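Trainee: Have a look at this one before I ask anything.
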Amino acid sequence: MDFMTALPTILKAMTMGAVPILLAALGEVFSERAGLVNIGLEGVMAIGAFVGFAVGKMTGNLWVGLLAGMVAGVLVNMLYAFCTVTLCADQVVTGMAINILAPAIALFGYNLFVGSNPANATGAQMPSIAIPGLSDIPFIGNAFFNQTLLAYLAFILVPLVRYFFKHFRAGLSFRSVGENPHAAETLGINVVRMKYVACIACGLLTAAGGAFLTLCYTPIYTDGIVMGRGFIALATVIFGRWTALGVLGASLLFGFFDGLNVALQAQFQAAPVMFFKMIPYIFTIIALIFFGSKHAGPKANGQPYFREQR
Numbered sequence: 045m046d047f048m049t050a051l052p053t054i055l056k057a058m059t060m061g062a063v064p065i066l067l068a069a070l071g072e073v074f075s076e077r078a079g080l081v082n083i084g085l086e087g088v089m090a091i092g093a094f095v096g097f098a099v100g101k102m103t104g105n106l107w108v109g110l111l112a113g114m115v116a117g118v119l120v121n122m123l124y125a126f127c128t129v130t131l132c133a134d135q136v137v138t139g140m141a142i143n144i145l146a147p148a149i150a151l152f153g154y155n156l157f158v159g160s161n162p163a164n165a166t167g168a169q170m171p172s173i174a175i176p177g178l179s180d181i182p183f184i185g186n187a188f189f190n191q192t193l194l195a196y197l198a199f200i201l202v203p204l205v206r207y208f209f210k211h212f213r214a215g216l217s218f219r220s221v222g223e224n225p226h227a228a229e230t231l232g233i234n235v236v237r238m239k240y241v242a243c244i245a246c247g248l249l250t251a252a253g254g255a256f257l258t259l260c261y262t263p264i265y266t267d268g269i270v271m272g273r274g275f276i277a278l279a280t281v282i283f284g285r286w287t288a289l290g291v292l293g294a295s296l297l298f299g300f301f302d303g304l305n306v307a308l309q310a311q312f313q314a315a316p317v318m319f320f321k322m323i324p325y326i327f328t329i330i331a332l333i334f335f336g337s338k339h340a341g342p343k344a345n346g347q348p349y350f351r352e353q354r
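Numbering-wise (the numbering used here), the sequence shown opens with residue 45 and increments by one.
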């Protein structure tokens, strides 16, 4: 395979593959900065993908579909918030329950939606917007500057999230809650409210990542369309050191291996497809082995918060 010839294809697939991971990972940054390890991203993305697809198809407006998918993601994530914040249930167990429940609800809804009208099986896609001049740059132009508006918004979010956590008082409050919630409470920060806000932000962004799959990546919804991207987003947060810029770099890196998978499938069509599909997940495991154990993230991450009785 001529790598230079395939490079534009790989970079285009990399960018498309990075966006849903980036959105979900940014949502998880909000969650983990508030001390909540939400491994239910896979389920929230599935709900966002289906609701975005269905509402976009019914209304004929993909942005309304995106908004509906994000709202649905928040509603699902509120179940996680109630169990982990209010009831102080185990975060990992609750997240796994979301990963089982939410895709099942999405599949049930899809069967109802398509069963009555097979024409509903295919929706529409957001058009790509080429930035004049920049989209003509060799190799990288078509990959980075000929994307959907949602993709551009995802990348614009990165500096905004970074600035929020570094310079806004609310962002600093998030960080203090994730490090030491009891100390934060003594400073007048409502820890419970902050954790719920974190779950809302996580639900919005993660569901947007799921909706991207059915509104921009492909015009159909299928069971399993998320394909482990929620778990890759979790690894991206660790690999990116719980920072917006780090998450961006990690998302592009994971997206590169996803793009390499696409290019290799096209080049070696006689080889088993699943062999190439393993590449992004193998890299995820390798990244966690070498980087996951060295950085623990916020100190109160994953720990239930019991408010002291006055």
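Glycine is no exception: its CB is placed at the ideal position from the N, C-alpha and C atoms.
Note that the coordinates shown come from a computational prediction; the quantities given were computed from them, not determined experimentally.
Specify, as a first and last residue, the run of the alpha helix (DSSP H) that I264 falls within.
Mentor: Neither: I264 is in no alpha helix (DSSP H) and is coded neither H nor E.
Trainee: If you draw a straight line from the alpha carbon of I15 to that of L308, how long is it in whole angstroms?
Mentor: The structure shown does not extend to residue 15, since the chain is modelled only from 45 to 354, so the question has no answer here.
Trainee: Should F350 be labelled buried (16 or more other beta-carbon atoms within 10 Å of its own) or exposed?
Mentor: With fewer than 16 other Cβ atoms within 10 Å, it is exposed.
Trainee: In the DSSP assignment, find the beta strand (DSSP E) that holds A187 and state where it starts and stops.
Mentor: Here A187 belongs to no beta strand (DSSP E); instead the alpha helix (DSSP H) covers G185 to F188.
Trainee: Among the candidates G303, N190 and T287, whose CA atom is the shortest distance from the CA of V73?
Mentor: Comparing Cα positions, the closest option is T287.
Trainee: In the DSSP output, which residue or residues are listed as bridge partners for I173?
Mentor: Partner(s): Q191.
Trainee: If you follow the alpha helix (DSSP H) that L145 is in, where does it begin and where does it stop?
Mentor: Where L145 is concerned, the enclosing alpha helix (DSSP H) stretches over Q135 to G159.
Trainee: Quick check on T103: does DSSP put it in helix, strand or coil?
Mentor: If DSSP states are grouped into helix, strand and coil, T103 belongs with the helices.
Trainee: Please list, in chain order, all residues of the same chain as P52 whose beta carbon is under 7 Å from its beta carbon, the five residues on each side excluded.
Mentor: F183, N186 and A187.
Trainee: Hey, out of G254, V158 and I282, whose CA is closest to V270's CA?
Mentor: Nearest option by C-alpha distance: G254.
Trainee: Using only alpha-carbon positions, find the residue among V241, G84, P171 and L70 that is nearest to Q135.
Mentor: Checking every option, the nearest Cα to that of Q135 belongs to G84.
Trainee: Please report the Cβ distance between V108 and G100, rounded to the nearest whole angstrom; I am assuming they are in contact, meaning their Cβ atoms lie under 8 Å.
Mentor: Right, their Cβ atoms sit about 7 Å apart.
Trainee: Tell me, to the nearest whole angstrom, how far the beta carbon of A69 is from that of V236; I am working on the premise that it is less than 8 Å.
Mentor: In fact, because the Cβ distance is near 25 Å, the residues do not count as touching under 8 Å.
Trainee: For the candidate residues L55, L248, F94 and G104, whose alpha-carbon lies nearest to that of I181?
Mentor: Of L55, L248, F94 and G104, the residue nearest in Cα terms is L55.
Trainee: Consult DSSP for T49 and reduce its assignment to one of helix, strand or coil.
Mentor: Correct three-state label for T49: helix.
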